[in-house]
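Before any comments, here is the structure.
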Amino acid sequence: MNRARQLISSVPIEDFFIPFLLLILVFSTNNRLILIMKPVALLMISVSLFLSLASKRRFSKGAPLKYLFCAFVFLIGFSFTYTGDRSAFKNYIPYILAALVIVLFEYDDYFYSIFYKLFNLFFWIFIASMYLELLNPGLFRSVFSFLSLGKNLVVRSTDGVAIAGLAFEKADAAFLCNLGLGVLFAKIFNRGLNLSQLFQLGIVFGALMMTGKRTLFLIPLVSIVAFALFFSRSHRVAKAMAVLLAVFVCLAVTYTFVPQVSLVFERFLADNGDPLSGREVFWTYAMEMFRSSPLLGEGFLSFNAYVNSRGFLYYGEPWQFQAHNVYLQLLAELGIVGLLLFVSMLAILIFGFGRSAKKDPNIFNLTAFYWAVLIAIYSMTGNTIYYACQLMVFAVVVNIYLKYISPREGYSK
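Counted the way UniProt numbering counts, the sequence shown spans residues 1 to 413.
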């Protein structure tokens with residue numbers, strides 16, 4: 001108790017408050033938290049600016065990545081002058097500014113330590129909600145109805161429909177599972193594999209498989225082998241095979257007790273000759289937009305308006321779900337310039353974290369490396385930076401890079 005009091009008294013208040021607000025945004029998926037996202041984002045901007053300036057917190061380092069991020073945000077802001085959907089732009093700009101504030105300031109080690117502790121708390125509550133939905137849908141509905149938007153709270157446990165827990169949407173749930181797996185992988189390759197972590201892997205992989213999301217299921221399977229090959233200091237092939245075997249054992253045991261995890265395999269086998277699930281229609285629209293304005297695009301968040309202007313309807317309703325390919329959508333909305341800025345940031349993040357983790361594998365750089373890879377790969381079929389909850393993750397990864405990978409004094413041990 002005394003130690004906890006000493007910690008609270010010695011740590012700046014923003015190191016508790018800002019991570020909490022940040023994680024509220026990260027876990028605001030398709031639940032009722034989404035209704036308070038904009039006020040939370042504005043509060044986080046205000047708190048970050050006021051407390052950082054009051055405590056004379058220094059700005060993050062002037063590295064190429066920071067300049068690229070600022071240029072990317074500037075281009076987004078400039079595109080307001082010509083975007084085809086200013087209403088959508090205005091609704092999203094608080095999250096862009098919140099991400100910018102996170103990147104601009106440098107936070108201390110306590111900030112990240114508290115961020116990871118709070119993330120683990122939020123994450124395991126979310127995982128528990130998925131298994132509660134599986135085991136007792138009625139209890140899940142009664143306990144968490146206050147977080148439901150209404151239409152998304154349905155019984156999902158035995159009818160073959162995806163389980164999403166408190167995310168209330170399978171893609172959001174699968175993305176959150178991947179974030180947690182990134183932390184688990186970092187712990188395993190930093191501290192070694194034990195029975196507790198093996199059990200946790202099985203629990204999270206089982207939850208991930210119940211979402212039925214194929215790309216988000218394959219990313220951690222490939223990544224854990226890559227981690228073993230690149231970040232193990234000796235006997236890499238043997239460790240890679242051992243870790244892969246451990247994962248498959250976890251999956252087999254999970255399948256034995258939780259048959260619903262087979263949903264992801266059913267989706268692999270039932271693509272009906274269309275593994276892209278119709279996404280190529282939207283990618284064609286994106287390329288049409290790019291050809292009409294190749295340098296700077298048609299304006300940020302103009303894709304939905306463009307698709308709807310062409311008469312596209314989704315179950316009789318206007319399309320609201322972006323292009324499901326961030327690279328093509330950026331090409332359409334911000335042109336070659338916007339795409340190059342985004343790809344350059346991802347390249348710096350992945351190579352920087354990878355090089356650093358190979359020399360000194362620790363929780364921060366291994367987790368951030370996995371999250372950067374996750375964003376890079378999932379951007380091929382998902383909407384990452386177009387959803388505020390995932391944009392905040394990208395901002396955190398950029399800030400971790402600016403503090404730890406290109407530091408003035410090196411890693412803080």
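Cβ coordinates follow ideal geometry from the N, Cα and C atoms, glycine included.
As the structure is a prediction and not an experimental result, all values here were calculated from the model.
Check, Outcome
"Beta-carbon gap between Pro39 and Leu118 smaller than 7 Å", "no"
"Where Tyr387 sits in the DSSP three-state scheme", "coil"
"Cutoff 7 Å; reference Pro318; Cβ partners in own chain excluding five residues on either side", "Asn308"
"Opposing strand residues paired with Glu317 [DSSP bridges]", "Tyr314"
"Expected contact under 8 Å - CB spacing of Gly299 and Gly84 to nearest Å", "6 Å"
"Sheet register partners of Phe20 (DSSP bridge)", "According to DSSP, which records beta bridges pairwise, Phe20 is partnered with nothing at all."
"Whether Leu53 touches Glu14 by CB criterion (7 Å)", "no"
"Phe50 in three-state terms, based on DSSP", "helix"
"Nearest-angstrom Cα separation, counted from Ile377 out to Ile336", "19 Å"
"Exposed unless 16 or more other CB atoms sit within 10 angstroms - verdict on Leu195", "exposed"
"Backbone CA spacing between Ser356 and Leu221 [nearest angstrom]", "22 Å"
"Ile219 burial status per 10 Å Cβ neighbour count (16 or more: buried)", "buried"
"Helix, strand or coil at Phe369 according to DSSP, with G and I counted as helix", "helix"
"Cut-off 6 Å between Cβ atoms - residues of its own chain near Pro94, not counting five sequence neighbours on either side", "Lys38, Ala41 and Leu42"
"Helix, strand or coil at Phe168 [DSSP, three-state]", "coil"
"Assigned secondary structure, Phe105 (DSSP; H/G/I helix, E/B strand, else coil)", "strand"
"Where Phe72 falls: helix, strand or coil (DSSP)", "helix"
"Three-state secondary structure assigned by DSSP to Phe27", "coil"
"Backbone CA spacing between Val155 and Ala162 [nearest angstrom]", "Unreliable placement is indicated for Val155, whose pLDDT of 39 sits below 50; no coordinate value is reported for it."
"Bounding residues of the alpha helix (DSSP H) (the contiguous stretch that carries Glu288)", "Arg279 to Ser292"
"Pick from Gly62, Leu340, Asn190 and Ile224 that is closest to Leu201, judged by C-alpha positions", "Ile224"
"Inter-residue spacing [alpha-carbon to alpha-carbon] between Gly338 and Met345", "11 Å"
"DSSP state of Phe59 mapped onto helix, strand, coil", "strand"
"Contact the segment 283-295 vs the segment 349-364: 3+ CB pairs below 8 Å", "no"
"Minimum C-alpha distance to Leu402 - residue among Leu23, Leu104 and Ile24", "Leu104"
"Under the three-state DSSP convention, the category Tyr82 falls into", "coil"
"Backbone secondary structure at Pro361 - three-state DSSP", "coil"
"Where Leu211 sits in the DSSP three-state scheme", "Reading off the sequence shown, one finds Thr at residue 211, where the question assumed Leu. The answer is helix: DSSP assigns Thr211 an H, G or I state."
"Helix, strand or coil at Gln322 [DSSP, three-state]", "coil"
"Start and end residues, alpha helix (DSSP H) containing Gly382", "Run containing Gly382: none; DSSP gives neither H nor E here."
"Of the residues Ser79, Pro12 and Phe69, the one placed nearest Arg57, counting alpha carbons only", "Pro12"
"Nearest-angstrom Cα separation, counted from Thr29 out to Phe282", "23 Å"
"Cβ neighbour criterion (16 or more within 10 Å) applied to Gly316", "exposed"
"Residues of its chain near Ala186, where Cβ-Cβ distance is below 6 Å and the 5 sequence neighbours each way are ignored", "Ile363, Leu366 and Thr367"
"Closest Cα partner of Thr215 within the set Phe123, Leu334, Phe146 and Phe175", "Phe175"
"Residue burial classification, Gly212 (beta-carbon count within 10 angstroms, cutoff 16)", "buried"
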